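Engineer: Residue numbers (the numbering used here), protein chains in the order written: chain A, 1 to 349; chain B, 1001 to 1349.
Sharing a structure, written as structure tokens. Questions coming.
Written out as structure tokens, the structure reads:
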């Protein structure tokens, strides 16, 4: 298995969590993959309501649920004692238990035993698959667009998901490829690239977007940033292994400092474009920037349009805030790449 | 513990190995750290002779040996059955067992038990320390020079060791810092950078060359190459975390293709210099190239001097083959950096 795979459909576990900000994973799943979510399991009446049918374990099983996905980020990253009985029962019924917690599901003794008896899988989306290869640098078929950022947490995952949605709406053949834990829970598959041993990061990225049909686009979630003093190696591996034909620079309006690294300024968008082309050019000389995705929420709403149009004029590229404008102009650029490809192919044949 | 530490002095274990090319680690130890090698342990008379006194385990213990270092690269990377008895006896006597094999010493059941009884350590130099931090990018005191390469296996470790030796000969305060398994066995300490999870590579490199006195140089073994389709992420992390003031480009004369990656040409030395400055400049804007180290063994001996002097004229940098010429001219450049620093310091005070 070269990537993590989660078996749909899902029962989203909310436990006793009453704070919506701690149920972001569950809310993200409902937002982006409603068709995979059969129901929610809440252990108390005041737990956050995701707007899904409340299902007991028996009902969930009856409606075909294959995986219980823990939709909360528990404080401390562990599994609260009051969850254990329910999780053990689910595992006993053969339902896979899926989590992105810091602690391992395996460490809950009764859970491991129940899963062993029923054959259910305990899946930690922070743990990369084993036996990942070293990157080969060999060209693969199909097209790829990668999100890169001026920093971490600037909307790379959100942009990729919106891009996938808008591409599909236009009839394009596209798949979101998750490189981080929340993305993997949403996509139901992927590789947590930042947890991969450095020798194998580029190889893992190659596995994440394998050979595909000529008209197919992998829309790859980005990680870290090329100018990040801590995480740049992850970003370089993902970039080199993805061999993207196209990339989108993600940015948060007004952010000047690398978050948590106060001595480091964020690079300009133009610097990110240049550096991404230089490093990505090694494994794909045709790499090009197809647009910029800005989280404009720090701006006054009335300034959003001016900000985006001025940025667009300066860079000569589509600049969008996917939350407000969708990713349409960027989709247009990707479609143009596909069209040019088709045309070239027809001329050859 | 933020790095692996091996307790000297050593008993070098040769086993029954008769082929010198398979005893490179043992030979490297004798070459570079003769003062740490008390003796050798050979299980047959025709095993390779490292030129050290043959010591039995009792004699070794009597002469203060703290670690038995496996000096051979066994086929398959495992531990041959005929070694086990001796290794178990050594562990039983409280001697640490140190190996750079692919298989784990822990997996040899009797060995684990013996070590547990005596308190001896089983050290695998391929296994990085736990709890490595994310890179902070914070400036550290002391000076650092990093080896970078046009490819893997172009003499980065050898160059660093020769540089350390020549710097010490000139009375400079210098320490070789090992980033790979063989280097760690030679240095008796270090971190196998390529085995570190990608999120922590830059942080591991920071741990490898911590704060030091103003006149001190860390001479850091390089890994991979910035233009390597598989290993570049390792190289980027080591470069960013090392924050080198100076770097040496290592190259093998005549190598045009990345070894094992036939579709990829090696970069020119000038390209490596430029890219290293660009990426390393993020965490140390003063980074500079102090010379080039070439393995000239593929050339005819009579062409060596011309090759090096032409390269030197072209690049405006000292170019040496450390095996033949030593690293003298590069040491001179490093001394000049230290002198300029001292002068600046005096002017301030």
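Glycine is no exception: its CB is placed at the ideal position from the N, C-alpha and C atoms.
If you're wondering where the values come from, they're calculated on a predicted model, not measured in any experiment.
Closer than 9 Å by beta-carbon distance: list the chain A residues that pair up with residue 1245/B, in chain order.
Structural biologist: The count along the second chain starts at 1 and reaches residue 1245/B at position 245. Going along chain A, no residue has its Cβ under 9 Å from residue 1245/B, so there is no contact; the nearest lies around 17 Å.
Engineer: Distance, Cα to Cα, residue 296/A vs residue 1132/B?
Structural biologist: Locating residue 296/A in the first chain gives position 296, where the first residue counts as 1. Locating residue 1132/B in the second chain gives position 132, where the first residue counts as 1. Taking the straight line from one Cα to the other gives about 35 Å.
Engineer: List, in order along the chain, the chain A residues whose C-beta lies closer than 8 Å to that of residue 1138/B?
Structural biologist: Here residue 1138/B refers to the residue found at position 138 when the second chain is read from its first residue. Result: 263.
Engineer: Per DSSP, what kind of secondary structure is residue 83/A in: helix, strand or coil?
Structural biologist: Stepping through the first chain from its first residue, residue 83/A is reached at position 83. It is helical.
Engineer: Nearest chain B C-beta to residue 325/A closer than 8 Å, yes or no?
Structural biologist: The count along the first chain starts at 1 and reaches residue 325/A at position 325. Using a Cβ-Cβ cut-off of 8 Å, residue 325/A does not count as an interface residue toward chain B, since no Cβ of chain B sits closer than that to its own.
Engineer: Rank 170/A, 217/A and 234/A by C-alpha distance to the C-alpha of residue 201/A and give the top, closest one.
Structural biologist: Position 201 of the first chain holds residue 201/A. Answer by Cα proximity: 234/A.
Engineer: Just how far apart, CA to CA, sit residue 1304/B and residue 1163/B?
Structural biologist: On the second chain, position 304 is the one that residue 1304/B refers to. On the second chain, position 163 is the one that residue 1163/B refers to. Between residue 1304/B and residue 1163/B, the C-alpha separation is close to 20 Å.
Engineer: Please check if any C-beta of chain B sits within less than 8 Å of the C-beta of residue 141/A.
Structural biologist: Taking the first residue of the first chain as position 1, residue 141/A is located at position 141. Judged by the 8 Å Cβ criterion, residue 141/A is not in contact with chain B.
Engineer: Indicate whether at least one CB of chain A lies closer than 8 Å to the CB of residue 1236/B.
Structural biologist: In the second chain, the residue the question calls residue 1236/B occupies position 236. Yes, because at least one Cβ of chain A sits closer than 8 Å to the Cβ of residue 1236/B.
Engineer: For residue 88/A versus residue 111/A, is the C-beta distance shorter than 8 Å?
Structural biologist: Here residue 88/A refers to the residue found at position 88 of the first chain. Here residue 111/A refers to the residue found at position 111 of the first chain. Their beta carbons are under 8 Å apart, which means residue 88/A touches residue 111/A by this criterion.
Engineer: Are the stretch 59-71 of chain A and the stretch 25-39 of chain A in contact at 8 Å, needing three or more beta carbon pairs?
Structural biologist: yes
Engineer: By DSSP, does residue 1022/B sit in helix, in strand, or in coil?
Structural biologist: As a first step, residue 1022/B must be located in the second chain, where it is residue number 22. Correct three-state label for residue 1022/B: helix.
Engineer: In its own chain, which residues sit with a C-beta less than 7 Å from the C-beta of residue 1052/B, not counting the 5 before and 5 after it?
Structural biologist: As a working note, residue 1052/B is residue 52 in the second chain. Counting only Cβ-Cβ distances below 7 Å, and skipping sequence neighbours, we find 1012, 1030, 1037, 1039 and 1040.
Engineer: In the DSSP assignment, find the unbroken alpha helix (DSSP H) run with residue 965/B in it and report its ends.
Structural biologist: Here chain B comprises residues numbered 1001 to 1349, so residue 965/B is not present and cannot be evaluated.
Engineer: My parser needs the beta strand (DSSP E) runs of 3 or more residues fully inside the stretch 150-208 of chain A; what are they?
Structural biologist: 173-177
Engineer: Can at least three beta-carbon pairs, one atom from the stretch 146-161 of chain A and one from the stretch 218-227 of chain A, be found at a separation below 8 Å?
Structural biologist: yes
Engineer: Whether or not the stretch 284-299 of chain A and the stretch 320-331 of chain A are in contact is what I'm after, with contact meaning three or more pairs of Cβ atoms, one per stretch, closer than 8 Å; do they touch?
Structural biologist: yes
Engineer: Give me the Cα-Cα distance between residue 1307/B and residue 1160/B, rounded to the nearest whole angstrom.
Structural biologist: Your numbering for residue 1307/B matches position 307 in the second chain. Your numbering for residue 1160/B matches position 160 in the second chain. So the alpha carbons of these two residues sit roughly 21 Å apart.
Engineer: Would you call the stretch 99-114 of chain A in contact with the stretch 197-213 of chain A, where contact means no fewer than 3 C-beta pairs closer than 8 Å?
Structural biologist: no
Engineer: Under 8 Å between beta-carbons, which chain A residues line up against residue 1182/B? List them in chain order, please.
Structural biologist: Within the second chain, residue 1182/B is the residue found at index 182, counting from 1. Within chain A, no residue comes near residue 1182/B; the closest Cβ sits about 16 Å away, beyond 8 Å.
Engineer: Would residue 244/A and residue 311/A qualify as a contact pair, given that the criterion is a beta-carbon distance under 8 Å?
Structural biologist: For the purposes of this step, residue 244/A is taken as residue 244 along the first chain, with counting starting at 1. For the purposes of this step, residue 311/A is taken as residue 311 along the first chain, with counting starting at 1. No, they are not a contact pair.
Engineer: In the DSSP assignment, the alpha helix (DSSP H) including residue 1338/B goes from what residue to what residue?
Structural biologist: Within the second chain, numbered from 1, the residue matching residue 1338/B stands at position 338. Element bounds for residue 1338/B: 1328-1348.
Engineer: Could you spell out the range, first to last residue, of the beta strand (DSSP E) harbouring residue 1118/B?
Structural biologist: For the purposes of this step, residue 1118/B is taken as residue 118 along the second chain, with counting starting at 1. Counting along the chain, no beta strand (DSSP E) covers residue 1118/B; the unbroken alpha helix (DSSP H) around it starts and ends at 1109-1118.
Engineer: Pick out whichever of 1142/B, 1130/B, 1143/B and 1050/B has its Cα sitting closest to the Cα of residue 1021/B.
Structural biologist: By 1-based counting over the second chain, the position of residue 1021/B is 21. Nearest option by C-alpha distance: 1050/B.
Engineer: What in chain A is Cβ-close to residue 1178/B, meaning under 9 Å?
Structural biologist: Looking up residue 1178/B in the second chain gives position 178. The premise fails here: residue 1178/B is roughly 16 Å from chain A at the closest Cβ pair, so nothing lies under 9 Å.
Engineer: When you compare the CB positions of residue 353/A and residue 176/A, do they come within less than 8 Å of one another, or not?
Structural biologist: Past the boundaries of the shown model lies residue 353/A; chain A is included only from 1 to 349, so the question cannot be answered.
Engineer: Given residue 1331/B, which residues of its chain have a CB within under 6 Å of its CB, disregarding the five upstream and five downstream residues?
Structural biologist: Residue numbering aside, residue 1331/B sits at position 331 when the second chain is read from its first letter. Cβ neighbours of residue 1331/B beyond the five flanking positions: 1166, 1167 and 1170.
Engineer: Please name the residues in the stretch 1187-1204 of chain B whose beta-carbon is closer than 8 Å to at least one beta-carbon of chain A, in chain order.
Structural biologist: 1193, 1194, 1195, 1196, 1197, 1198, 1199, 1201, 1202 and 1203
Engineer: So what's residue 1292/B in DSSP terms, helix, strand or just coil?
Structural biologist: Start at 1 with the first residue of the second chain, and residue 1292/B comes out as number 292. Strand.
Engineer: Between residue 1288/B and residue 1068/B, what straight-line distance do the alpha-carbon atoms span, to the nearest angstrom?
Structural biologist: As a position in the second chain, residue 1288/B is number 288, starting the count at 1. As a position in the second chain, residue 1068/B is number 68, starting the count at 1. In a straight line, the C-alpha of residue 1288/B is about 40 Å away from that of residue 1068/B.
Engineer: On the CB-based measure, 16 or more other CB atoms within 10 Å of its CB, does residue 1045/B come out buried or exposed?
Structural biologist: In the second chain, the residue the question calls residue 1045/B occupies position 45. Exposed: under 16 other Cβ atoms inside 10 Å.
Engineer: Which residue from 1015/B, 1191/B, 1178/B and 1239/B puts its Cα closest to that of residue 1082/B?
Structural biologist: By one-based count along the second chain, residue 1082/B stands at place 82. The shortest Cα separation from residue 1082/B among 1015/B, 1191/B, 1178/B and 1239/B belongs to 1015/B.
Engineer: Under DSSP, the beta strand (DSSP E) around residue 1067/B begins and ends at which residues?
Structural biologist: Along the second chain, read from residue 1 onward, the residue named residue 1067/B stands at position 67. Its beta strand (DSSP E) spans residues 1067-1070.
Engineer: Using only the alpha-carbon positions, how far apart do residue 1093/B and residue 1139/B sit?
Structural biologist: Start at 1 with the first residue of the second chain, and residue 1093/B comes out as number 93. Start at 1 with the first residue of the second chain, and residue 1139/B comes out as number 139. So the alpha carbons of these two residues sit roughly 44 Å apart.
Engineer: Quick one: using the 10 Å Cβ neighbour count with 16 as the cut-off for buried, is residue 1097/B buried or exposed?
Structural biologist: In the second chain, the residue the question calls residue 1097/B occupies position 97. Per the 10 Å Cβ criterion, buried.
Engineer: So within the stretch 231-294 of chain A, which uninterrupted alpha helix (DSSP H) runs reach at least 4 residues, ignoring any that extend past its ends?
Structural biologist: Contiguous alpha helix (DSSP H) elements confined to the stretch 231-294 of chain A occur at 232-242 and 269-280, taking only those with 4 or more residues.
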